[in-house]
Amino acid sequence: MRNLEIDISEIVGQGYGAFWGFRGRYRVVKGSRGCKKSKTAALWFVIHMMRHPAANLLVVRKVFRTLKDSCWADLRWAVRRLGVEKKWKFRTSSLEAVYLETGQTIYFRGLDDPIKINSISVSAGQLCWLWVEEAFEIQREADFDMLNEAIRGEIPNGLFKQVTLTFNPWDERHWLKRRFFEGADAEDVLAMTVDYRINEFLDQRDLELFEEIKRRNPRRYQVVGLGEWGVHEGLVFEQWRQERFDVAEVLRRDGVLPVFGLDFGFTNDPTALFCGAVDKLNRVVYVWDEVYARGMTNAAIWRAVSELGIVKEVIRADSAEPKSIEELRRLGISKIRGVKKGPDSVRFGIQALQEYEIVVHPKCVNFVREIAAYVWERDEMSGSGVNQPDSGCEDHLMDAMRYAVEGVLAGARFSFG
């Protein structure tokens with residue numbers, strides 16, 4: 011398999027020649043949806059591990075639980091795409107992938123457990139490559155520096171140490187822009203911007219969807235269509251921050267109430283479950299967990315709610331789905347209820363939340379992504395803000411949060427058991 015011949019143009023397609031051949035320390039790829047950056051990275055790592063018998067890979071996202079449906083799935087896809095499934099063993103229990111001929115390993119870790127990153131010890135060869143997927147989720151540059159230090163030590167001739175970062179560029183204020191796209195050492199850094207137009211594997215319906223975004227929301231198209239940095243002037247929620255906190259300790263405080271909200275989705279939009287707590291005395295909303303996934307049946311929603319231990323709690327859901335609410339009630343989520351909706355319910359809900367500081371646990375990566383890009387709509391003629399959120403924003407968890415706090419003045423104390 012060391013002599014595996016790959017037709018890059020056929021397997022990967024256009025747009026990634028520089029990425030494929032770069033050997034410097036940092037490969038940094040920001041891009042739109044559908045630009046095949048993660049699939050291309052997965053193919054590169056599988057092929058090059060098979061060609062370099064001493065190479066091992068560490069794959070990292072901010073939250074460990076998000077890896078299985080992203081990088082793990084992409085690497086399994088790459089193995090199948092290359093027709094080498096029998097050469098690899100993907101271990102679900104430990105979340106590892108092993109190249110059976112040599113024992114080389116792909117390790118998966120989350121920044122929510124940094125001890126496991128620092129304690130990695132490879133059984134064959136050296137740990138020489140790091141892939142950070144959705145690097146935008148890492149808000150602290152110091153956390154990336156810690157990861158970067160994991161790729162160190164001597165390596166055999168013919169190998170090289172390299173860090174690959176892939177992400178969607180939601181916010182131009184992020185440290186990634188300053189560090190890798192403004193004045194970085196050209197010999198040590200390959201910084202690329204790619205978009206869906208280089209992906210010849212998209213079908214006509216995919217292309218039409220991007221054209222629809224371009225027509226309806228040009229500003230959003232710049233980010234999700236062209237991979238440009240998001241310029242988020244006019245944020246709806248400005249008083250928010252990320253911070254680790256002890257959920258059980260917060261919920262024991264006097265006057266703190268648990269709140270849960272559910273926004274239904276399926277094919278195009280994700281189902282979003284918001285788990286939070288409201289400290290009315292100090293005017294703080296704590297965001298402590300989330301569920302965020304497409305294709306969730308009502309049975310899958312019930313399982314997720316059960317795993318979180320909140321099946322007996324009041325969950326306020328989108329009243330536009332009465333059939334789903336009733337089915338979830340019959341499955342055992344007995345206190346789920348539809349929220350009251352009216353022409354001004356969004357605005358009133360936002361106004362109430364704006365009086366609170368929002369503290370987000372770092373594991374709630376989808377909530378962070380949404381709130382960091384949740385902006386007011388602008389009048390096309392004047393450019394001034396309009397008193398409603400931009401219709402192009404992703405707002406599934408934002409809506410779920412509003413549903414959750416509808417009953418903030420009532421409800422029993424929630425306990426983890």
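Throughout the sequence shown, residue numbering follows the working numbering, covering 11 to 427 in sequence.
Glycine included, C-beta positions come from ideal geometry on N, C-alpha and C.
The structure presented is a predicted model; accordingly, all values stated were derived computationally and were not measured.
Asked, Found
"What residue range does the alpha helix (DSSP H) around F220 cover?", "Q214 to R226"
"On a Cα-Cα basis, can you pick out the residue from E404, T50, A303 and Y413 that is closest to N209?", "T50"
"Can you pull the DSSP bridge partners for A310?", "Beta-bridge pairing links A310 to no other residue."
"Work out the CA separation of V418 and G265 for me, nearest whole Å.", "11 angstroms"
"By the DSSP assignment, the beta strand (DSSP E) with N292 in it spans what residues?", "It is not in any beta strand (DSSP E) - N292 carries neither H nor E in the DSSP assignment."
"Could you compute how far the alpha carbon of W139 sits from the alpha carbon of A258?", "38 angstroms"
"Is I346 closer than 7 angstroms to V321 when the C-beta atoms are compared?", "no"
"Go through its chain and collect everything with a Cβ distance to M202's Cβ below 6 angstroms, but skip five positions before and after it.", "V39"
"Comparing alpha-carbon positions, which option in M408, L68, S80 and Q114 lies nearest W141?", "L68"
"I think S271 touches Y413, with their Cβ atoms under 8 angstroms apart; what is that distance to the nearest whole Å?", "Correcting the residue identity first, residue 271 is Gly in this sequence and not Ser. So it is a contact: roughly 4 angstroms between Cβ atoms."
"Taking the straight line between their C-alpha atoms, what separation do you get for L283 and R75?", "16 angstroms"
"Tell me the residue span of the beta strand (DSSP E) that contains D328.", "Run containing D328: none; DSSP gives neither H nor E here."
"Is it true that the CB of L236 sits closer than 7 angstroms to the CB of D213?", "no"
"Strictly by DSSP, which residues pair up with Y109?", "W98 and Q114"
"Along the chain, where does the alpha helix (DSSP H) containing C81 start, and where does it finish?", "C81 to R91"
"Tell me where the alpha helix (DSSP H) around P124 begins and ends.", "P124 to N128"
"With DSSP as the reference, please indicate the residues paired to T281 in a beta bridge.", "A303"
"Tell me, please, whether the segment 374-383 touches the segment 106-126 by the rule of three or more beta-carbon pairs shorter than 8 angstroms.", "no"
"Please give me, in chain order, every unbroken run of the alpha helix (DSSP H) with length at least 4 that falls completely inside the segment 137-186.", "151-158"
"Within 10 angstroms of the Cβ of L291, are there 16 or more other Cβ atoms? Answer buried if so, exposed if not.", "exposed"
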